[in-house]
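In order, the protein sequence lines correspond to chains A and B.
Each residue of the first sequence is one higher than the one before, starting from 3 at the first, in the numbering used here.
Each residue of the second sequence is one higher than the one before, starting from 346 at the first, in the numbering used here.
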Amino acid sequence: AQRVTQPEKLLSVFKGAPVELKCNYSYSGSPELFWYVQYSRQRLQLLLRHISRESIKGFTADLNKGETSFHLKKPFAQEEDSAMYYCALKAGGTSYGKLTFGQGTILTVHP
Amino acid sequence: KAGVTQTPRYLIKTRGQQVTLSCSPISGHRSVSWYQQTPGQGLQFLFEYFSETQRNKGNFPGRFSGRQFSNSRSEMNVSTLELGDSALYLCASSLGSSSTAHEQYFGPGTRLTVT
């Protein structure tokens, strides 16, 4: 069975500081990894996915299969980045619409 | 494009009752997934439907069931409610037509309180 761990429940940084939200996973096959974000009073939405290898809102995440990690990084945090962030994994094969989520990290960016 | 809608948004039920929640996906999306969100367990996958067939199932008891209609709308049912079923129930829709994960679009959720 697969598992996603986000070790930090809360993360606080100041505006302009770098931020890194950690995500580790356990899965024996080749997973697809995602970061979802939920801003205050908004729906859960996709931030980025590892297969796209793109930067969204200044965030990037690299899949490290050796360390089974998919950490989310941004060099200069902004106040509008304050939100709940979830790391999610889709197993290979026939998992289709099944995502396994981490417990989430609440990011607060102070002015 | 209208987003995923869920009805009702809030629900209060008594232990032992049953409840039905509804989810209307984005037009053209054929996959609907359901998740339970609680403070203690976080987001947990319940099941996924695609073209009226259950394609994946999570580790929930048989009291949790669902179905999907020909227009892709989906319902989930919880019978014999327990206090622990109090949660936010989220549905998400996606194109879902291949094994590569399509982006899941989430609804606002239904907040179920069991007393």
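Beta carbons: idealized from backbone N, C-alpha and C, even for Gly.
All figures in this text were calculated on a predicted structure; none of them were measured in a lab.
inquiry  = Mapping the DSSP letters down to three states, classify residue 411 of chain B as helix, strand or coil.
reply    = strand
ask   = Using the rule of at least 16 other Cβ atoms within 10 Å of the residue's Cβ for burial, across every protein chain shown, is residue 359 of chain B buried or exposed?
value = exposed
Helix, strand or coil at residue 479 of chain B according to DSSP, with G and I counted as helix = Lying outside 346 to 460, the shown extent of chain B, residue 479 of chain B is not represented and no answer is given.
task = Could you work out which residues of chain B lie near residue 45 of chain A, taking near to mean beta carbons separated by less than 9 Å?
result = 348, 349, 435, 450, 451, 452, 453, 454
task = Would you list the residues sitting across from residue 5 of chain A in a DSSP beta bridge?
result = A:28
ask   = When you check each C-beta in the region 58–90 of chain A against every C-beta of chain B, which residues fall closer than 9 Å?
value = 88, 90
key: Contacting residues, own chain, Cβ-Cβ under 7 Å from residue 9 of chain A (five flanking each side not counted)   = 24
ask   = Counting only beta-carbon atoms, is residue 2 of chain A nearer than 9 Å to chain B?
value = In the structure as shown, chain A begins at 3 and stops at 113. Residue 2 of chain A is therefore absent and cannot be evaluated.
query = For the region 15–31 of chain A against the region 73–89 of chain A, are there 3 or more C-beta pairs whose distance is under 8 Å?
reply = yes
key: Residue span of the beta strand (DSSP E) that contains residue 369 of chain B, given as start and end   = 364–369
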